[in-house]
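The next block holds one structure in the form of structure tokens; read it before the comments.
There are 2 protein chains.
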Amino acid sequence: MEVKVSLFGFGNVGRAVARVLLEKKKFIRERHGLEFKVVSVTDRSGTLWMPEGIDLREALMIKESFGKLSARTNEYETYDMGPKEAIRDVEADIAVDITNDRSAHEWHLAALREGKAVVTSNKPPLAFHYSKLIGKARKRNLPYLFEATVMAGTPIITLLREGLLGDSIERIEAVLNATTTFILGEMEGGGSLEEALERAQKLGIAERDPRGDILGIDAGYKATILHCITFGPKTFDEARVKGIAGITSRGIQRARKRGRTIRLVATVERGSIIVEPQEVPLDGPLAVKSHENAAIIETDLLGGLIIRGAGAGLKETASGVVSDIVKASFVIQGR
Amino acid sequence: MEVKVSLFGFGNVGRAVARVLLEKKKFIRERHGLEFKVVSVTDRSGTLWMPEGIDLREALMIKESFGKLSARTNEYETYDMGPKEAIRDVEADIAVDITNDRSAHEWHLAALREGKAVVTSNKPPLAFHYSKLIGKARKRNLPYLFEATVMAGTPIITLLREGLLGDSIERIEAVLNATTTFILGEMEGGGSLEEALERAQKLGIAERDPRGDILGIDAGYKATILHCITFGPKTFDEARVKGIAGITSRGIQRARKRGRTIRLVATVERGSIIVEPQEVPLDGPLAVKSHENAAIIETDLLGGLIIRGAGAGLKETASGVVSDIVKASFVIQGR
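Quick mapping for you: the protein sequence lines, in order, are chains A and B.
Per the numbering used here, the very first residue in the first sequence carries number 1000; after that it's consecutive.
Per the numbering used here, the very first residue in the second sequence carries number 1000; after that it's consecutive.
Here it is in structure tokens:
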């Protein structure tokens, strides 16, 4: 089956998604019987739109050569269209949001109204408007999928939404932000937070504006999403979030003497979302390293369940996005 | 929605499933909007059949008082029907196999032919007849679900079938048998395999005939099922299986001096299923304890992903069975 896809966002993650769609075309056809036709790609400069399908190789080349899509070449023309216009005008089955547009919920809702499935790796829409978005998707009977918003492609969302259906989940404890893990890991060696942050920025692990990570906002968004799918709707404003700004390498070293270290831990229970630095046992599941995330899910029947895997990275995030595009296609196909 | 369920098998796991259905009736109604009506329960003595729905509390009492269902009371009558007859005669939406009937694939196929969904925790049907069963289920467009066959309720099957859809899985390494883990754990203390086995039997962890566990057959069934869903059909006869009979406590202690221990490890790659005792790092994910299982899933995009949780136990296994009953109901409902 052919599925028409509109991509929104052509930054690092967006291009990683394009690369996976390109490189795994054969795998996706053979394994899932699906043929993805990307009919539009929107970045900040405009929208590349070709109803007959975009050659992603060319789109990647344009973006990587010129830094934006609107650079005109012989064959490709970009339109002066933002997400809202593209959602309205481009005929597509699935709208894929790989931006970090904080008001993207508006065009997610528009996409659902237009009968388009939505796949997103963009967290704020869910962390602030879960109820509205999921409500609209249910009403329209359309997939609204967001595996890549939490733990990148590590399928914790699939696990919580499609597994454990007989269990009552009592509590989730998780390390959900890889940048703070990297920084705290560096500080274990003795350096200051500022030095560790600088190193993280040099390596491209932390963003130029690192506040979202350091202050726990990114982890808070993710914890809010976990609360929404597990215990029901809540918004980020209701989360209690404390970042790692107050942590010192001396504090970490004291913890290590007791066989522990410090990680930014999210604790999600019914009605409660808490993100704060916590001491965790060095040999326990939450003492993750580098770009790994981990979650302990406690339930009435199973007891404790642990899922651990990549929580950041380009192809690791693309993994979640592409998995959702495949899943959304199955639902569309099943109609 | 009301869903009619036939239970097959009323041993320890079967009764645990009945108990969960009973105790979580309200949860299942409120969370999933489902009302399960158990219309028949079949054990070795016959079939308790009530089209208007069986009071599971009473059925549990009868079984626990008399050791079998065929004990007649005022209200309940059991029929002299085995699974095949019950599949044919009892009107139900879902047939749930919680037996260890090695030829159950025959009545699984019959159930699918009758238009019934199948949920099973019984491994041999899948380990020997995966292709036929899944083929029939696809043809009839019916759910055939088996979460509880591998790692009890820990949702590795959901994760592999419904997540990671864009990833190519390269390899699974897993500890899938809890009895051998218990025995090897006991032997770490210095005792012999025989002593450890005896203790396991006393605690009800090992069966009276422990060969299935000790020889690696149980782990081999599970590894075969993982191969089937990940890389395509294969049967247990194609698996290379070596149990723990040759392991000595001296061998384990030698391994521990190198920071390692011994576990019965299944390695599943495309076209290859190997189960054998292996040295694993003491601080690694496969050095599980007690009734835990763990799997490392390696993929092209995500790298390594770890899932760890209960791999045995009554309510832990019931967790997987009940999750599948809910999931099968959703599919039926969606029609």
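All C-beta atoms in this analysis are idealised placements derived from N, C-alpha and C, irrespective of residue type, glycine included.
What is the C-beta distance between Y1325(B) and I1027(B), in whole angstroms, given that I count them as a contact (C-beta under 8 Å)? Going by the sequence as given, residue 1325(B) is Val instead of Tyr. Rounded, the Cβ-Cβ distance is 7 Å, consistent with contact.
Segment contact, 8 Å Cβ cut-off, at least three pairs: the stretch 1191-1200 of chain B with the stretch 1312-1328 of chain B: no
In the structure shown, what three-state DSSP assignment does T1153(A) receive? coil
Out of curiosity, what's the CA-to-CA distance linking G1310(A) and L1164(B)? Roughly 17 Å separates the two Cα atoms.
Which parts of the stretch 1027-1105 of chain B are runs of the beta strand (DSSP E), unbroken and 3 residues or longer, counting only runs that do not cross its ends? Listed in chain order, the beta strand (DSSP E) elements of length 3 or more contained wholly in the stretch 1027-1105 of chain B are 1034-1042, 1045-1048 and 1093-1096.
Cβ of H1226(A) within 8 Å of any chain B Cβ: no
Mind listing which residues of the stretch 1146-1158 of chain B have their C-beta closer than 8 Å to chain D's C-betas, in chain order? Among the protein chains of the structure shown, namely A and B, there is no chain D.
Any beta strand (DSSP E) of 3 or more consecutive residues that is wholly inside the stretch 1135-1200 of chain B: 1168-1174
Would G1215(A) and V1240(A) qualify as a contact pair, given that the criterion is a beta-carbon distance under 8 Å? The answer is yes: Cβ separation under 8 Å.
How far does the beta strand (DSSP E) with I1295(B) in it extend, from its first residue to its last? E1291 to T1298
State the DSSP-derived secondary structure class of L1020(A), mapped to helix, strand or coil. helix
Would you tell me roughly how many angstroms separate the C-alpha atoms of R1101(B) and P1124(B), rounded to the nearest one? 7 Å
DSSP three-state assignment for S1120(B), whether helix, strand or coil: coil
Starting from the beta carbon of E1315(B), find every residue of chain A whose beta carbon is closer than 9 Å, and list them in chain order. Neighbours of E1315(B) on chain A, chain order: L1300, L1301 and G1302.
Please list the residues of the stretch 1307-1331 of chain B that have a C-beta atom closer than 7 Å to any C-beta atom in chain A, keeping them in chain order. R1307, G1308, A1309, K1314, E1315, A1317, S1318, V1321, S1322, V1325 and K1326
Please classify A1244(A) as buried or exposed, where buried requires at least 16 other C-beta atoms within 10 Å of its C-beta. exposed
Give the residues from the stretch 1030-1050 of chain B that approach chain A closer than 9 Å (Cβ to any Cβ), ordered along the chain. R1030 and H1031
For T1157(A) versus T1153(B), is the C-beta spacing smaller than 8 Å? no
Name the DSSP bridge partner or partners of G1308(B)? N1292(B)
At a CB-CB cut-off below 8 Å, which residues of chain A make contact with K1023(B)? The contacting residues are G1165 and S1167.
Close Cβ partners of A1017(B) (< 8 Å) along its chain, the five nearest in sequence each way excluded: L1006, F1009, V1037, V1040, L1055, A1058 and L1059
How long is the line joining the alpha carbons of A1103(B) and A1085(B), rounded to whole angstroms? 13 Å
Beta carbon proximity, G1162(B) to chain A, threshold 8 Å: yes
If you follow the alpha helix (DSSP H) that R1262(B) is in, where does it begin and where does it stop? Here R1262(B) belongs to no alpha helix (DSSP H); instead the beta strand (DSSP E) covers R1259 to E1268.
R1014(B), buried or exposed, once every other Cβ within 10 Å from all chains shown has been counted against 16: buried
Using a Cβ cut-off of 9 Å, pull out every chain B residue sitting near D1282(A), in sequence order please. Contact note: D1282(A) reaches chain B through D1282, using a C-beta cutoff of 9 Å and chain order.
Between which two residues does the beta strand (DSSP E) harbouring E1001(A) extend? Note, E1001(A): beta strand (DSSP E), E1001 to F1007.
At a Cβ threshold of 8 Å, is I1133(B) touching chain A? no
Would you mind sorting A1070(B) into buried or exposed? The rule is 16 or more other CB atoms within 10 Å of its CB. exposed
Helix, strand or coil at E1206(B) according to DSSP, with G and I counted as helix: Of the three classes helix, strand and coil, the one that applies to E1206(B) here is coil, per DSSP.
Any beta carbon from chain A within less than 8 Å of F1026(B)'s own beta carbon? yes
Is there a C-beta anywhere in chain B that falls below 8 Å from the one on V1095(A)? no
Would you say V1279(A) lies against chain B (beta-carbon separation less than 8 Å)? Cβ-Cβ to chain B under 8 Å: no for V1279(A).
In chain B, what lies closer than 9 Å to V1019(A) by C-beta? G1165 and L1300
Determine the closest residue to V1279(A) out of K1256(A), G1270(A), R1269(A) and T1298(A), with distance taken between C-alpha atoms. K1256(A)
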